[in-house]
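Residue numbers (this note's numbering): 1103 to 1314.
No residue lacks a Cβ here, since even glycine has one placed at the ideal position from N, Cα and C.
Since the model is a prediction, treat every value here as computed from it, not as a measurement.
Working notes, structure below.
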């Protein structure tokens, strides 16, 4: 039960980050619409999907072993399924930003944010495939020996995804030429802080659960 409190904090900060992100995209930006003729509405699909569709769902998948009632096998299937949904929605988010770049004639994959993001997404897909193979094909001994590497790699990739999100927010902040004391500036900062704290408490919940 040591991880119970940190799991609650993780959920609260995850929901807070989602609410702040929606306020920013719907109130301060042009809204969210993949098939819009407005390139900025198309772009906004990217931060929404990469946080809610990817990072938030990955966090829920990581916490599944603490939050989903039932057997270990049931928790494992939920964990695997949530990761698959995160990959699918992440692909939608990536397609949105490439579509935006085409609409406004911007270069693709030129920034540190994009390098971290693309690298993390590819490694995450590989991690998911390896987890799937070991779940159904490997012997119990092989699964036990690989489990620590799978957990450690997943936690590392989760924080790499959060790093991509935070650098993305700062990139958008800079390109929007916002003034330091505008409400939108503060909103972006608080959104980034909530995303970071979501990741911190998810990781703490996993770490504490191992000593429960």
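Best match in the options for proximity to residue i [C-alpha to C-alpha]
i	options	result
residue 1269	1116, 1147, 1153 and 1125	1153
residue 1127	1281, 1282, 1300 and 1274	1274
residue 1161	1232, 1208, 1139 and 1189	1189
residue 1215	1292, 1263 and 1163	1263
residue 1129	1285, 1178 and 1209	1285
residue 1266	1248, 1239, 1300 and 1222	1222
Residue i versus residue j: straight-line alpha-carbon distance, rounded
i	j	result
residue 1243	residue 1112	32 Å
residue 1211	residue 1217	6 Å
residue 1134	residue 1172	37 Å
residue 1289	residue 1122	7 Å
residue 1233	residue 1251	10 Å
residue 1139	residue 1131	15 Å
residue 1117	residue 1209	33 Å
Residues near residue i by beta carbon distance below 7 Å, same chain, minus five either side
i	result
residue 1136	1144, 1147 and 1198
residue 1169	1109
residue 1213	1273
residue 1281	1287
residue 1165	1109, 1112, 1304 and 1307
residue 1156	1188, 1191, 1192, 1195 and 1263
Close-in-space but distant-in-sequence residues of the same chain around residue i (CB under 6 Å, 5 per side omitted)
i	result
residue 1202	1141, 1144 and 1145
residue 1205	1141
N- and C-terminal bounds of the alpha helix (DSSP H) containing residue i
i	result
residue 1155	Here residue 1155 belongs to no alpha helix (DSSP H), and DSSP marks it neither H nor E.
residue 1245	1242-1277
residue 1299	1285-1311
residue 1325	This structure leaves residue 1325 out entirely; the chain is present only between 1103 and 1314.
residue 1140	Taken as a continuous stretch (DSSP letters only), residue 1140 belongs to no alpha helix (DSSP H), as it is neither H nor E.
(message) Using 8 Å as the cut-off, can you tell me whether the region 1229-1243 makes contact with the region 1251-1259, which would need three or more C-beta pairs spanning the two stretches below that distance?
(response) yes
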